[in-house]
Structures are given as structure tokens and as C-alpha cells.
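Structure, as C-alpha cells:
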Amino acid sequence: MVGSSDYPDQVRKPTMPPQLGEPLPVELANTTYAVRGRMQDGLHTPEQLALWLTGVRDRLPVPLTDADLRAVGEGDLERARAIRDAVRDIAASAVRGETPAPEAVEQLNRQVAAVPCWRELRWGAAPQADLRMQAPPVVAALAAIAQAAVDLFGGAGLSSLRACPGPGCVLFFVQDHPRRRWCSVGCGNRARAARHYARVRGS
1 MVGSSDYPDQ
11 VRKPTMPPQL
21 GEPLPVELAN
31 TTYAVRGRMQ
41 DGLHTPEQLA
51 LWLTGVRDRL
61 PVPLTDADLR
71 AVGEGDLERA
81 RAIRDAVRDI
91 AASAVRGETP
101 APEAVEQLNR
111 QVAAVPCWRE
121 LRWGAAPQAD
131 LRMQAPPVVA
141 ALAAIAQAAV
151 DLFGGAGLSS
161 LRACPGPGCV
171 LFFVQDHPRR
181 RWCSVGCGNR
191 ARAARHYARV
201 RGS
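Counting from 1, position 142 in the sequence shown corresponds to residue 142 in UniProt numbering; the numbering is continuous, with no gaps.
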């Protein structure tokens with residue numbers, strides 16, 4: 001399995017990985033990213049994981065308090081990186097039309113199965129089914145992201161998963177519009193600028 005720790009020249013700084021509004025498993029996968037051609041690990045420390053979770057907290061099906069985020073530890077980091085690397089491996093194979101490594105699939109399934117979960121009916125102003133998990137909040141949140149990855153890879157959304165073709169970009173995105181080609185507007189602009197520069201040099 002290729003994880004972010006396999007890049008010896010990566011810059012290890014407590015920077016924030018890009019968050020582009022993608023489905024949470026894709027956002028987690030994109031915590032391995034590149035800056036000026038150098039691989040970055042956005043989940044190198046528990047503090048970075050807490051920062052990332054803070055950025056997606058409003059989108060998580062499991063509520064996380066400030067105290068939960070302050071308590072993020074090495075075990076949480078190890079779990080998050082295992083899910084992240086499995087999702088990246090599966091996504092990279094899927095966008096190429098290849099079968100992913102069994103180890104990546106098994107890792108993702110293990111992360112989901114490790115946390116018992118169920119839905120409970122809540123009857124308030126409007127009836128709703130709330131997700132419940134028998135685990136500490138951060139562990140439960142990560143397991144929910146792993147489950148969302150299973151749903152993505154095993155559902156209709158897989159056909160819309162893309163690897164960004166931008167020069168040096170290693171991010172994934174879900175193509176939510178037929179004309180979308182890049183992970184972000186900025187990446188598309190850089191790709192067009194690179195093509196323009198190449199044409200000017202060649203003329």
C-alpha cells in the first residue's frame with residue numbers, strides 16, 4: 001500500500017490540506033496532496049488530524065465537541081491514516097479501471113467493522129433517524145467516513161470519481177457536472193497557464 005509516509009522528501013509542516021467540498025472519504029484521501037511538486041502529508045500529527053476534523057465537523061454524521069477534538073491522539077491518527085491510505089489506493093485503482101489491492105479493501109472493511117453502529121428513531125419537530133455508534137466520538141466519526149467510502153466505491157458515485165489531471169496534482173474529486181475537469185478552479189487555471197506557456201515556448 002502506498003501511503004503518505006512513503007515520500008521521503010515531503011514537507012512536514014502543520015499546514016491545512018485542501019478542503020474542496022468533496023464527499024468526506026474524498027476529502028480524507030486528499031490530505032495527501034502536493035505543493036509545487038512536493039508531496040505533503042496533511043495528517044502527520046494528531047494536531048493536524050484535529051484541525052482537519054474541525055474543518056469538516058459540520059458535515060460529520062457524528063457530533064464532535066471541542067473537548068473531543070482536543071483529545072485526538074496517536075491512536076486516532078493511526079486509524080485516520082489507515083482509512084486515508086486505503087481510500088487513496090482503492091480510488092487510484094478505480095479511476096484507472098483496475099481492481100484495487102485486496103489489502104486496501106480489507107483495511108477499509110476492517111475499519112468499518114471495528115465500530116458497531118445503528119440508527120435510532122428520534123421524534124421531535126420532525127421524525128429523524130440518528131446514527132449511533134458504540135465508540136468514542138472521534139473513532140465513531142472516522143468509522144462513519146470509512147462507511148461512506150464503502151458506499152461511494154460500492155455505489156453509483158464510483159462512476160463519477162476522478163483523479164485530477166492538473167500538472168503535479170494528486171487529488172481526487174467527484175465530477176458533479178459534465179464539464180468539470182479539475183479538482184478546483186485554481187488547478188484548472190494552472191493547467192491552462194502551463195499549456196499556454198508550453199505553446200509560447202514552442203513557437
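Yeah, the Cβ is synthetic: ideal placement off N, Cα and C, and Gly gets one too.
Between the beta-carbon of G42 and that of Q48 there is about 6 angstroms, and that keeps the pair under the 8 angstroms contact cut. Rounded to the nearest whole angstrom, the C-alpha separation of L161 and G21 is 14 angstroms.
A check of alpha carbon separations from C117 across T99, V105 and P61 identifies P61 as the nearest. By the Cβ criterion, the segment 24-41 is in contact with the segment 139-157, since at least three pairs of Cβ atoms, one from each stretch, lie closer than 8 angstroms.
Just measuring C-alpha positions, the residue of P100, D89, A82 and R132 sitting nearest R110 is A82. Here L121 is actually not in contact with A146; their C-beta atoms are around 24 angstroms apart, not less than 8 angstroms. Here R122 is bridged, per DSSP, to Q128. By the neighbour-count criterion, in which a residue is buried when 16 or more other Cβ atoms sit within 10 angstroms of its Cβ, R59 is exposed.
When Cβ pairs closer than 8 angstroms are counted between the two stretches, the segment 67-85 is seen to touch the segment 129-147, the count reaching three or more. For the pair H44 and N30, the Cα-to-Cα distance works out to about 13 angstroms. The continuous alpha helix (DSSP H) containing V138 extends over residues P137 to F153. With a contact defined as Cβ atoms closer than 8 angstroms, C183 and G166 qualify at about 7 angstroms. The secondary-structure analysis by DSSP pairs R59 with nothing; it has no beta-bridge partner. Going by beta carbons, A34 and V170 fall inside the 9 angstroms limit.
Spatial neighbours of S93 in its own chain (CB-CB distance under 6 angstroms, excluding positions within 5 residues in sequence) are listed in chain order as P100. Contact between A163 and A143 does not hold, since their C-beta atoms are separated by about 26 angstroms, which reaches or exceeds 8 angstroms. R88 is positioned such that its CB atom lies closer than 9 angstroms to that of F172. Only buried fits A148, as 16 or more other CB atoms lie within 10 angstroms of its CB. In the DSSP assignment, T31 forms no beta bridge with any residue.
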